[in-house]
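Protein chains in written order, with full-length UniProt numbering: chain A, 1 to 467; chain B, 1 to 476.
Where is the CB? At the ideal position from N, CA and C, for every residue including glycine.
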Amino acid sequence: MPLLSRKATCSFHGQDSSYFLGWQEYEKNPYDEVKNPKGIIQMGLAENQLSFDLLESWMAKNPGAAGFERDGQSIFRELALFQDYHGLPAFKKALVDFMAEIRGNKVTFDPNHIVLTAGATSANETLMFCLAEQGDAFLLPTPYYPGFDRDLKWRTGVEIVPIHCTSSNRFQITASALEVAYQQAQKVKLRVKGVLVTNPSNPLGTTMTRDELDLLINFIADKEIHLISDEIYSGTVFSSPAFVSIMEVLKDRNPKNTEVWDRVHVVYSLSKDLGLPGFRVGVIYSNDSIIVAAATKMSSFGLVSSQTQYLLSAMLSDKKFTKEYISKNHKRLQKRQSKLVSGLEKASIGCLKSNAGLFCWVDMRHLLSSNTFEAEMELWKRIVYDVKLNISPGSSCHCTEPGWFRVCFADMSEDTLKLAMQRLKSFVSSTTINNRSHQDLKNSRRKLRTEWVFGLSFLSLNDREPD
Amino acid sequence: MAALSKIAAGNGHGENSPYFDGWKAYETNPFHPTDRPEGVIQMGLAENQLCFDFIKKWLMKHPEASLCTAEGVNKFKETALFQDYHGMPEFRQAIAKFMGKVRGDRVKFDPDRIVMSGGATGAHEMVTFCLADPGEAFLVPTPYYPGFDRDLRWRTGVELVPVICESSNNFKITRNALEAAYEKAQEDNIRVKGLLITNPSNPLGTILDRETLKSIVSFINEKNIHLIGDEIYAATVFMEPEFVSISEIIEEVECNRDLIHIVYSLSKDMGFPGFRVGIVYSYNDALVSCTRKMSSFGLVSSQTQHLIASMLSDDDFVDNFIIKSKKKLFKRHEYFTWSLSQVGIGSLKSNAGLFIWMDLRKLLKAKTFEAEMDLWQVIIHEVKLNVSPGSSFHCHEPGWFRVCFANMDDDTMETALLRIRDFMRKNNAAMIPHNKLCRRSSLKLSFSRRVDDFMSPGIMSPHSPLPQSPLVRARS
């Protein structure tokens, strides 16, 4: 019986990680206000569900875009046939304008330097294929989005070497952390090809400071490597400090056509800012036209549906709409985030002060039975199975300190969030008040571990797509 | 200076081949009936443009199939959020049903085995990543679709080993040819992991007969290697003999089903290459599971899944579409091949696909590929038709050309035929005087037809208002 390939049989798809177990538990017992009020509330999904009404009302006012019409003429045929990997010009123009608008028009983007891909998932993988190969590595600050383990490494053979960030300085990237990571890669004989950062950060929900961005540019200039800035959450910056894109810092520092200029690339997507993960719209933006050319050819393996390009080009070309959307979206995110923060406070739980993203980086270190990742897992299982909230443990994001959890706030209604906070408050109170015996704790751990192991062996076919 | 990866810097994308000269000629001088009547006519693009009117009528009657209409917008939010790599159940059910109907309902497909991908392009790459390691190989019968060189090899590091097929027996895939290719790979220390067949064939336009299919299945079982059947042209079989799918053969012969996989797409059968609907259907559970996870890199837009689910779950529409499409393809094919025969040009007898495999061997100055290239340059620059030379399909013999017929309207087809006639006249090939061209002579058809009977009204021109680069066809 011939084996499948090594790639097929390894676990680099990442689905055995704890991050996905929470998903599975949720799938088995999903909360529903009416049908299953005691079910698990999903707080592990970085989706933006707050602004759909704005999109829907735009569509109600613009029926042509949807009905495959332009100026009253059907363009269905042209769209159905359009498979040019350069993408719909009108769509790319609308995208670059939107990206500029999100950045307060402090930078502009050239539509000829955009590559369209099937989601940011594909964008990140494609950049890896273009910039690196087996034996190479990218440095990533921790904590980072668990999906990177799959997207950057699985089919490419590229490695990730972590840049350790700690709570001592709000998980900011330091020069020494960069150096340590670089040396670590050298030690294990990996060639460092670049640094990849997510800004605003997933899972931290913070924007990078100008100092950090300057530091990164200095570092990549010195080491002659690439910098990829995944700015997928750039439209979710709801309070100060304002978002500063790597492109803005680069523009301020370096004139065009320097080598560094060509080594900085941005990844974007409409999955978070517009809340359209199903439409699979990813973007690679590079100043280097050779990389743009290579990535464009590779995008054949995951083009954006022409139907989707057309709808979104109409939507994003409506400047009145985009201006209103960006502003209202920010307001709603801010309001929702503060509800989460105050709900957590009532449960005596703090979180990292954040100004962006669809989640908070919550500090539950004080609830750990010990300062270990095992204790973090125990706590997490109790939260999933007892408190019935699916949140993401920091270890799944490669955080170096146990006790941190990512909790999403934009993928549910306000009432559901309220309920989730009530559950959490009860849990914390009962944990504090009920001095549970050591034995009780051990027993519950054993039961949870069994369930977890059971869950690992019998993964259902309903594996959930991560955010 | 941080260089690009070897993959990105190399030629694995295949676009530097001379094959693209035809595209470039078309790009710089594309035919248009009024704006550019002397331009190059595109006959190198395997697109199916014959049924759009029918599809549009359906769309007008079903506004709910689009998310953006008043009728459809209530599904907008849940669709826009849907990124589950399992794909929408309705979408998978509709695709499974469609695939069954295309095979005359002789087999049933399980919606839970349907995995999405970024077009058949993405499907092939994904299957290759899952079945083979770098340095290993698939056997592929020649001539084959040039895109395979990129799709199966570029980023995967997997090799292709040709199975040589010859015109002497109409390019049949013989057991001997399979064995020879397999042995050659062994001699070269290349581990063969599978055999890839395209059925119906691109570029031949023929289908594999039952005996050949059985022989192929027995071969792969014996060697314990995978069989990937690309059935992307399944619904384009417009004439007898009836299409036989691998999915049918495995019901008839002993076979290890873990070795059997099908790649499909809506790009050819429905004419939707822009929508990027690729499908992997495997009888191997582990492969279904793995490709499903890997499909994250090329999921079908949920907006498109919604549209396709609506459209393909309408049984009446599907049944009528399949019949209409075949009729139109048949008409177009018959007229085209008949007209060519009138000027002494033959082609491989075919009953499927969107193209014919034209035989211009007698026009070669020598039996060489250089002569084929010379002839091709003449066809592009003098006759002004972009056709595809057999060498780009790795054909073993020079003189064959793939010529597409379903991507243009009737008038453009007439123009192309006139140009061919004029060219043949100049070349003193077997000729028929002009006044006889429009009269039926000895047709091999079993029914009487006038030329007008071949004409289907209302097919639109190939000119598109949207800029199209022929260099970038995801699938041509």
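Residue i (DSSP reduced to helix, strand or coil)
i: residue 477 of chain B; result: Within the shown structure, residues of chain B are numbered from 1 to 476, placing residue 477 of chain B beyond reach of any answer.
i: CYS395 of chain B; result: coil
i: GLY194 of chain A; result: strand
i: CYS404 of chain B; result: strand
i: ASP359 of chain B; result: strand
i: ARG150 of chain A; result: helix
i: THR142 of chain A; result: coil
i: SER350 of chain B; result: coil
i: SER388 of chain B; result: strand
i: ILE228 of chain B; result: strand
i: ASN36 of chain A; result: strand
i: TYR85 of chain B; result: coil
Proximity below 8 Å, CB of residue i to CB of residue j
i: PHE129 of chain A; j: ALA123 of chain B; result: no
i: GLY205 of chain A; j: CYS360 of chain A; result: yes
i: ARG276 of chain B; j: LEU316 of chain A; result: no
i: PHE393 of chain B; j: PRO143 of chain B; result: yes
i: TYR385 of chain A; j: PHE109 of chain A; result: no
i: ALA410 of chain A; j: LEU368 of chain A; result: no
i: ALA80 of chain B; j: GLY72 of chain B; result: no
i: SER388 of chain B; j: PHE82 of chain B; result: no
i: ASN29 of chain A; j: GLY39 of chain A; result: yes
i: SER300 of chain A; j: THR121 of chain B; result: yes
i: LEU139 of chain B; j: VAL161 of chain B; result: yes
i: LEU4 of chain B; j: ILE290 of chain A; result: yes
i: ILE217 of chain A; j: VAL195 of chain A; result: no
i: SER5 of chain A; j: LEU227 of chain B; result: no
i: ASN355 of chain A; j: SER240 of chain A; result: yes
i: ILE164 of chain B; j: GLY194 of chain B; result: no
i: GLU166 of chain B; j: HIS396 of chain B; result: yes
i: LEU152 of chain A; j: ASN124 of chain A; result: yes
i: GLY344 of chain B; j: GLU372 of chain B; result: no
i: LEU127 of chain A; j: ALA175 of chain A; result: no
i: PHE109 of chain B; j: ALA94 of chain B; result: no
i: THR198 of chain A; j: CYS399 of chain A; result: no
i: residue 477 of chain A; j: HIS113 of chain A; result: Past the boundaries of the shown model lies residue 477 of chain A; chain A is included only from 1 to 467, so the question cannot be answered.
i: SER265 of chain B; j: ILE220 of chain B; result: no
i: VAL40 of chain B; j: LYS293 of chain B; result: no
i: PRO63 of chain A; j: PRO89 of chain A; result: no
Beta-bridge partners of residue i, as assigned by DSSP
i: residue 478 of chain A; result: Here chain A has residues from 1 to 467 only, and residue 478 of chain A is not among them.
i: ASN287 of chain A; result: None, per the DSSP bridge assignment.
i: ILE114 of chain B; result: B:TYR281
i: GLU69 of chain A; result: A:SER74
i: PHE138 of chain B; result: B:LEU160 and B:GLY194
i: PRO162 of chain A; result: A:LEU140
Cβ shell of residue i (< 7 Å), same chain only, five flanking positions each side left out
i: ALA235 of chain B; result: VAL102, ASP269, ILE322 and SER325
i: THR308 of chain A; result: PHE279 and VAL281
i: CYS404 of chain B; result: MET43, GLY44, LEU45, ALA46, LEU354 and PHE355
i: THR322 of chain A; result: PHE98, GLU101 and LEU316
i: ALA362 of chain B; result: Residue 362 of chain B is actually Lys in this sequence, not Ala. Answer for LYS362 of chain B: no residue qualifies.
Cutoff 8 Å; reference residue i; Cβ partners in own chain excluding five residues on either side
i: ILE250 of chain B; result: VAL217, ARG257, ILE260 and TYR283
i: SER17 of chain B; result: PRO146 and SER392
i: SER327 of chain A; result: none
i: GLU248 of chain B; result: ARG103, ARG106 and VAL107
i: HIS13 of chain A; result: ARG150 and TRP154
Near the ligand COA: residue i beta-carbon under 7 Å from a heavy atom
i: PHE359 of chain A; result: As far as ligands go, the structure on display features none, and thus does not contain the ligand COA.
Own chain partners of residue i with C-beta closer than 6 Å, once the 5 adjacent residues on each side are dropped
i: PRO277 of chain A; result: SER271
i: PHE76 of chain B; result: LEU67
i: ARG92 of chain B; result: PRO111 and ILE114
i: LYS57 of chain B; result: none
i: ARG210 of chain B; result: VAL244
Below-8 Å beta-carbon distance, residue i vs any chain E residue
i: LYS75 of chain B; result: No chain E is part of this structure, whose protein chains are labelled A and B.
- Query: Three or more C-beta pairs closer than 8 Å, one from the region 390-401 of chain A and one from the region 341-350 of chain A: is that the case here?
  - Reply: no
- Task: Report yes or no: do three or more beta-carbon pairs, one from the region 250-270 of chain A and one from the region 219-230 of chain A, lie closer than 8 Å?
- Result: yes
- How about the region 359-370 of chain B and the region 312-322 of chain B: do they share at least three Cβ pairs that are nearer than 8 Å? no
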